[in-house]
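**Student:** Provided herewith is a single structure, encoded as structure tokens, for subsequent inquiry.
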Amino acid sequence: MSIGFVSASESMTEIIGNDLNEIELTDSQDHDLLKDDVKYSDIYVNSSKEVNGDGLSPETAYKSLSYDTYTNLGDNGTIHLAEGYYDIPDYKANYIIVGMGDDTVINSCWFKTSTYANDNKMITFSNLTFDIPVKREVYETVWIVPQVSFETVHEYFSISLDGTNFRFINCTFINSSIVSGQYMNSINYQNPIMESTIKSFENCKFLNYSYNSTVKEYYKKLGYESIRHTEFEAKSLITSFQYTKFIFDKCVFDNITAESVVDSRGGLMGTNGVYGEIIIQKSSFSNCNVTGIVKAQQVSDCKIEGCTYDFNATNDIIGESPLYINKTDIPLNETQLTVTTKDNSVIITLTDVNTSKPIAGVEVGIFNNGKVFDYLDTDTNGQIIIKDLDGTYNFEFSYPGDPYAYLPTSVNKTFTFTKNQNTTPSKTVPATNKIVKKSVKITAKKATFKKSKKVKKYTITLKSGKNPIKKVKVYLKVKGKTYKATTNSKGKATFKITKLNKKGKYNAVIKFAGNKNFKPTSKKVKITVKK
Numbered sequence: 045m046s047i048g049f050v051s052a053s054e055s056m057t058e059i060i061g062n063d064l065n066e067i068e069l070t071d072s073q074d075h076d077l078l079k080d081d082v083k084y085s086d087i088y089v090n091s092s093k094e095v096n097g098d099g100l101s102p103e104t105a106y107k108s109l110s111y112d113t114y115t116n117l118g119d120n121g122t123i124h125l126a127e128g129y130y131d132i133p134d135y136k137a138n139y140i141i142v143g144m145g146d147d148t149v150i151n152s153c154w155f156k157t158s159t160y161a162n163d164n165k166m167i168t169f170s171n172l173t174f175d176i177p178v179k180r181e182v183y184e185t186v187w188i189v190p191q192v193s194f195e196t197v198h199e200y201f202s203i204s205l206d207g208t209n210f211r212f213i214n215c216t217f218i219n220s221s222i223v224s225g226q227y228m229n230s231i232n233y234q235n236p237i238m239e240s241t242i243k244s245f246e247n248c249k250f251l252n253y254s255y256n257s258t259v260k261e262y263y264k265k266l267g268y269e270s271i272r273h274t275e276f277e278a279k280s281l282i283t284s285f286q287y288t289k290f291i292f293d294k295c296v297f298d299n300i301t302a303e304s305v306v307d308s309r310g311g312l313m314g315t316n317g318v319y320g321e322i323i324i325q326k327s328s329f330s331n332c333n334v335t336g337i338v339k340a341q342q343v344s345d346c347k348i349e350g351c352t353y354d355f356n357a358t359n360d361i362i363g364e365s366p367l368y369i370n371k372t373d374i375p376l377n378e379t380q381l382t383v384t385t386k387d388n389s390v391i392i393t394l395t396d397v398n399t400s401k402p403i404a405g406v407e408v409g410i411f412n413n414g415k416v417f418d419y420l421d422t423d424t425n426g427q428i429i430i431k432d433l434d435g436t437y438n439f440e441f442s443y444p445g446d447p448y449a450y451l452p453t454s455v456n457k458t459f460t461f462t463k464n465q466n467t468t469p470s471k472t473v474p475a476t477n478k479i480v481k482k483s484v485k486i487t488a489k490k491a492t493f494k495k496s497k498k499v500k501k502y503t504i505t506l507k508s509g510k511n512p513i514k515k516v517k518v519y520l521k522v523k524g525k526t527y528k529a530t531t532n533s534k535g536k537a538t539f540k541i542t543k544l545n546k547k548g549k550y551n552a553v554i555k556f557a558g559n560k561n562f563k564p565t566s567k568k569v570k571i572t573v574k575k
């Protein structure tokens with residue numbers, strides 16, 4: 045156990061200053077002042093204790109999470125919870141709560157805010173089980189000027205994570221729903237620089253949740269001289285209003301019955317992140333009776349990658365904003381480079397492992413001793429033949445892949461050739477000139493289109509320095525769909541966008557894959573669709 049800020053041996057004067065010289069203190073007052081100023085890095089709580097201790101060891105643990113628990117805890121300190129049942133109070137600061145056994149259970153966890161500011165604290169929960177009733181009844185005193193009125197406030201919820209940042213590690217959630225950002229959404233305040241909060245979940249389990257249509261949730265909305273309670277319905281396991289970024293890494297979702305696993309109601313881009321964003325990676329979904337894993341306003345604010353499913357999850361998007369999405373990663377086929385020699389030639393073959401067919405017309409980088417040897421395209425047989433080789437070569441053959449079709453692959457080989465070997469005619473132009481790839485720039489501006497326009501034409505320019513790059517393919521990806529265009533003699537390419545028919549702001553990515561003469565490049569732009 046370590047003590048923060050001051051040590052127990054420090055004098056009274058060191059703790060509260062020279063003003064003590066003017067104050068006569070009793071022994072009890074002296075003790076209280078010391079207690080108030082000392083902060084500890086570790087506090088212990090045990091709900092089975094009959095007598096409340098000082099919280100400084102497992103043997104002298106507090107009985108519950110009380111005001112003293114937090115006021116005596118130093119910044120970024122740790123609260124250790126013994127096995128038992130606990131209520132988490134709404135206290136925002138930098139601290140960690142760790143469960144000391146498998147049966148450390150949280151029965152309430154409701155963080156709310158009455159302002160639109162993120163206080164930029166980080167609260168971490170580790171090794172805990174959250175098993176929280178869906179419905180609770182809270183009694184509050186509501187002051188109505190000029191008289192006082194007592195009202196009963198019904199709040200229906202499981203977990204609220206409003207107003208600050210949260211991190212969950214190795215936690216289990218049983219039949220417990222989560223809501224975040226409801227207050228900031230209710231006042232429609234648009235300032236993401238201060239307000240965006242992050243909720244991350246690492247190696248967590250979400251189990252046995254069923255949406256109950258008879259139970260609705262409420263958030264508080266400040267009104268003139270009163271507090272109004274506005275009803276909303278959360279049909280998903282997790283409801284994310286504006287100003288919240290949810291991240292799920294290596295999580296398990298099992299036996300979930302709801303409209304979606306996550307409902308992301310944000311969507312507009314801000315200068316310091318997005319109003320609403322969902323990232324799910326390397327997680328698993330089983331026994332999920334949902335319309336989609338994520339319900340989102342636009343695809344660009346949702347990333348579901350590297351996940352496993354017990355159903356056939358595809359990249360297909362269901363509905364028209366809000367959209368239901370199961371996965372966003374593009375399935376890329378595995379590729380393989382095989383290299384053989386004949387006489388003084390090297391034969392390189394690129395194949396699609398899934399179909400066992402050759403990949404024709406793509407560029408392969410060839411390096412010798414770490415330096416560029418050449419960049420050549422595969423022929424109709426997926427082959428490149430380099431002939432008339434002499435001496436020792438430490439080759440690396442590298443295919444960069446295609447972001448919309450193939451995974452990258454590479455292979456290293458060392459060969460030695462002598463001049464008196466016979467040569468075999470090549471179907472491919474031999475390597476002669478060593479090419480240095482030139483840098484490329486995409487010029488593209490944000491664009492606004494009318495919703496009524498069925499085909500939205502969007503033009504970009506591709507140049508290397510002042511020189512246009514002609515007759516090359518470029519790609520534009522927006523709202524989960526990829527469009528292809530070819531540059532003309534002026535380096536201009538026009539995309540015909542046909543699947544952007546809903547009002548909103550969208551993030552688009554323009555890519556040039558590069559070739560033997562030019563380096564790859566990409567650019568992000570915003571496309572707006574209005575009435």
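236 is the number that the working numbering gives to position 192 of the sequence shown; each next residue is one higher, with no gaps. Beta carbons are placed, not taken as given, at the ideal position from N, Cα and C, and that holds for glycine. Note that the structure is a prediction, hence the values are computed from the model and not measured.
1. If contact is defined by three or more beta carbon pairs under 8 Å, each pair taking one atom from either stretch, is the segment 371-386 in contact with the segment 420-427?
2. Output needed for threonine 335: all residues of its chain with C-beta closer than 7 Å, excluding positions within five of it in sequence on either side, in chain order.
3. Check each candidate in Ile323, Lys339, Asp307, Tyr255 and name the one with the smallest Cα separation from isoleucine 300.
4. Beta-carbon within less than 8 Å of alanine 557's beta-carbon, same chain only, minus the 5 sequence neighbours each way: which residues are those?
5. Starting from threonine 453, follow the beta strand (DSSP E) in both directions and report where the run begins and ends.
6. Please determine, among His124, Cys153, Asp147, Asn209, the residue with the shortest C-alpha to C-alpha distance to aspartate 163.
7. Per DSSP, lysine 521 forms a beta bridge with which residues?
8. For asparagine 172 versus isoleucine 140, is the C-beta distance shorter than 7 Å?
9. Using 10 angstroms around the beta-carbon of proline 177, count the other beta-carbons present and answer buried if the total reaches 16, otherwise exposed.
10. Are the beta-carbon atoms of lysine 501 and lysine 570 separated by less than 7 Å?
11. Hey, out of Phe441, Thr487, Val142, whose CA is closest to glycine 121's CA?
12. What whole-angstrom Cβ distance do isoleucine 323 and lysine 347 have, given they're in contact under 8 Å?
13. At what residues does the beta strand (DSSP E) containing aspartate 418 begin and finish?
14. Going by alpha carbons, who is nearest to phenylalanine 441 out of Tyr130, Thr168, Tyr135, Ile429?
15. Cutting at 7 Å between CB atoms, please list the residues of its own chain near aspartate 96, excluding the five before and the five after it.
16. For the beta strand (DSSP E) that contains tyrosine 368, what are its first and last residues?
17. Can you list, in chain order, the residues of its chain whose CB lies under 6 Å from that of threonine 436, leaving out five sequence neighbours each side?
18. Taking the alpha helix (DSSP H) that aspartate 345 belongs to, which residues open and close that run?
19. In the DSSP output, what is glutamate 246 paired with across the bridge?
20. Ends of the alpha helix (DSSP H) at aspartate 112?
21. Which residues share a DSSP beta bridge with cysteine 332?
22. Could you tell me which residues DSSP pairs with lysine 339 in its beta bridges?
23. Please say whether tryptophan 154 and serine 101 have beta carbons closer to each other than 7 Å?
24. What residue from Asp119, Tyr135, Val573, Ser280 has the CA that sits closest to lysine 498's CA?
25. Quick one: what's got a C-beta closer than 6 Å to phenylalanine 292's C-beta in the same chain, skipping five residues either side?
26. For glycine 409 and asparagine 247, I'd like the C-alpha separation in whole angstroms.
27. Helix, strand or coil, according to DSSP, for glutamine 286 in the structure here?
28. Taking DSSP's pairing of strands, which residues face asparagine 96 in a bridge?
29. So, is lysine 482 buried or exposed, given that buried needs 16 or more other C-beta atoms within 10 angstroms?
30. Grab the span of the beta strand (DSSP E) containing cysteine 153 for me, first residue to last.
31. Taking the DSSP output, what are the residues bridged to serine 566?
32. Please state whether the Cβ-Cβ distance between threonine 487 and isoleucine 513 is less than 7 Å.
33. Beta-carbon within less than 6 Å of lysine 534's beta-carbon, same chain only, minus the 5 sequence neighbours each way: which residues are those?
34. Hey, how far is the Cα of threonine 157 from the Cα of tyrosine 130?
35. Compute the Euclidean distance between the alpha carbons of isoleucine 391 and alanine 449, then round it to the nearest angstrom.
36. Between phenylalanine 439 and asparagine 425, which are expected to be in contact by the criterion C-beta below 8 Å, what is the C-beta distance as a whole number of angstroms?
**Tutor:** This is what the structure gives:
1. Counting Cβ pairs under 8 Å, fewer than three are found: no touch.
2. The residue you call residue 335 lines up with position 291 of the sequence shown. Same-chain partners within the cutoff: Glu303, Ser304, Ile362, Tyr368.
3. Along the sequence shown, read from residue 1 onward, the residue named residue 300 stands at position 256. The candidate whose alpha carbon is nearest that of isoleucine 300 is Tyr255.
4. Residue mapping note: residue 557 aligns to position 513 of the sequence shown, counting from 1. These residues qualify, in order along the chain: Pro444, Asp446, Pro447, Lys517, Tyr519, Pro564.
5. Counting from 1 along the sequence shown, the entry for residue 453 is found at position 409. Under the DSSP assignment, threonine 453 falls in the beta strand (DSSP E) whose first and last residues are 453-461.
6. As a working note, residue 163 is residue 119 in the sequence shown. Among His124, Cys153, Asp147, Asn209, the Cα nearest to that of aspartate 163 is on Asn209.
7. In the sequence shown, the residue the question calls residue 521 occupies position 477. Its beta-bridge partners are Thr526, Val553.
8. Position 128 of the sequence shown, counted from the start, is the residue given in the question as residue 172. Position 96 of the sequence shown, counted from the start, is the residue given in the question as residue 140. Note on residue identity: the sequence assigns leucine, not asparagine, to residue 172. No; because the gap between Cβ atoms is not below 7 Å, this pair is not in contact.
9. On the sequence shown, residue 177 is found 133 positions in, with the first residue counted as 1. Exposed, since its Cβ has fewer than 16 Cβ neighbours within 10 Å.
10. Counted from its first residue, the sequence shown places residue 501 at position 457. Counted from its first residue, the sequence shown places residue 570 at position 526. The answer is no: Cβ separation not under 7 Å.
11. Counted from its first residue, the sequence shown places residue 121 at position 77. Of Phe441, Thr487, Val142, the residue nearest in Cα terms is Val142.
12. By 1-based counting over the sequence shown, the position of residue 323 is 279. By 1-based counting over the sequence shown, the position of residue 347 is 303. Their Cβ separation, rounded to whole angstroms, is 5 Å, which keeps isoleucine 323 and lysine 347 in contact under 8 Å.
13. One-based indexing of the sequence shown puts residue 418 at position 374. Unbroken beta strand (DSSP E) run through aspartate 418: 415-421.
14. Counting from 1 along the sequence shown, the entry for residue 441 is found at position 397. For the residues Tyr130, Thr168, Tyr135, Ile429, the minimum Cα distance to phenylalanine 441 belongs to Ile429.
15. Sequence index remark: in the sequence shown, residue 96 carries index 52 (1-based). Sequence check: residue 96 is asparagine here, not aspartate. Excluding positions up to five away in sequence, the list reads Tyr106, Lys107.
16. Translated into positions along the sequence shown, residue 368 becomes position 324. Taken as a continuous stretch (DSSP letters only), the beta strand (DSSP E) holding tyrosine 368 covers 367-369.
17. For the purposes of this step, residue 436 is taken as residue 392 along the sequence shown, with counting starting at 1. These residues qualify, in order along the chain: Thr460.
18. Residue mapping note: residue 345 aligns to position 301 of the sequence shown, counting from 1. Here aspartate 345 belongs to no alpha helix (DSSP H), and DSSP marks it neither H nor E.
19. Here residue 246 refers to the residue found at position 202 when the sequence shown is read from its first residue. According to DSSP, glutamate 246 bridges with Ile213, Asp293.
20. Counted from its first residue, the sequence shown places residue 112 at position 68. 111-115 is the span of the alpha helix (DSSP H), which, as asked, contains aspartate 112.
21. For the purposes of this step, residue 332 is taken as residue 288 along the sequence shown, with counting starting at 1. BP columns for cysteine 332 point to Ile300.
22. Here residue 339 refers to the residue found at position 295 when the sequence shown is read from its first residue. Partner(s): Asp307, Tyr368.
23. Sequence index remark: in the sequence shown, residue 101 carries index 57 (1-based). Sequence index remark: in the sequence shown, residue 154 carries index 110 (1-based). Contact annotation: serine 101 and tryptophan 154 have beta-carbon atoms that are not nearer than 7 Å.
24. By one-based count along the sequence shown, residue 498 stands at place 454. Of Asp119, Tyr135, Val573, Ser280, the residue nearest in Cα terms is Val573.
25. Translated into the one-based positions of the sequence shown, residue 292 becomes position 248. So the list reads Phe245, Ile324, Ser327, once near-sequence residues are dropped.
26. The sequence position of residue 409 within the sequence shown is 365, counting from 1. The sequence position of residue 247 within the sequence shown is 203, counting from 1. Approximately 39 Å between the Cα atoms of the pair.
27. As a working note, residue 286 is residue 242 in the sequence shown. Coil at glutamine 286, not helix or strand.
28. Here residue 96 refers to the residue found at position 52 of the sequence shown. BP columns for asparagine 96 are empty, so no partner.
29. One-based indexing of the sequence shown puts residue 482 at position 438. So lysine 482 ends up on the exposed side.
30. Stepping through the sequence shown from its first residue, residue 153 is reached at position 109. Its beta strand (DSSP E) spans residues 148-155.
31. Taking the sequence shown and counting its residues from 1, one reaches residue 566 at position 522. According to DSSP, which records beta bridges pairwise, serine 566 is partnered with Lys555.
32. Residue mapping note: residue 487 aligns to position 443 of the sequence shown, counting from 1. Residue mapping note: residue 513 aligns to position 469 of the sequence shown, counting from 1. It is not a contact, given that the beta carbons lie outside the stated cut-off.
33. The sequence position of residue 534 within the sequence shown is 490, counting from 1. These residues qualify, in order along the chain: Pro512.
34. What you label residue 157 is simply residue 113 of the sequence shown in a count that begins at 1. What you label residue 130 is simply residue 86 of the sequence shown in a count that begins at 1. For threonine 157 and tyrosine 130, the distance between alpha carbons rounds to 21 Å.
35. Locating residue 391 in the sequence shown gives position 347, where the first residue counts as 1. Locating residue 449 in the sequence shown gives position 405, where the first residue counts as 1. Distance between the alpha carbons of isoleucine 391 and alanine 449: 24 Å.
36. For the purposes of this step, residue 439 is taken as the residue at position 395 of the sequence shown. For the purposes of this step, residue 425 is taken as the residue at position 381 of the sequence shown. Not confirmed; about 20 Å, so no contact.
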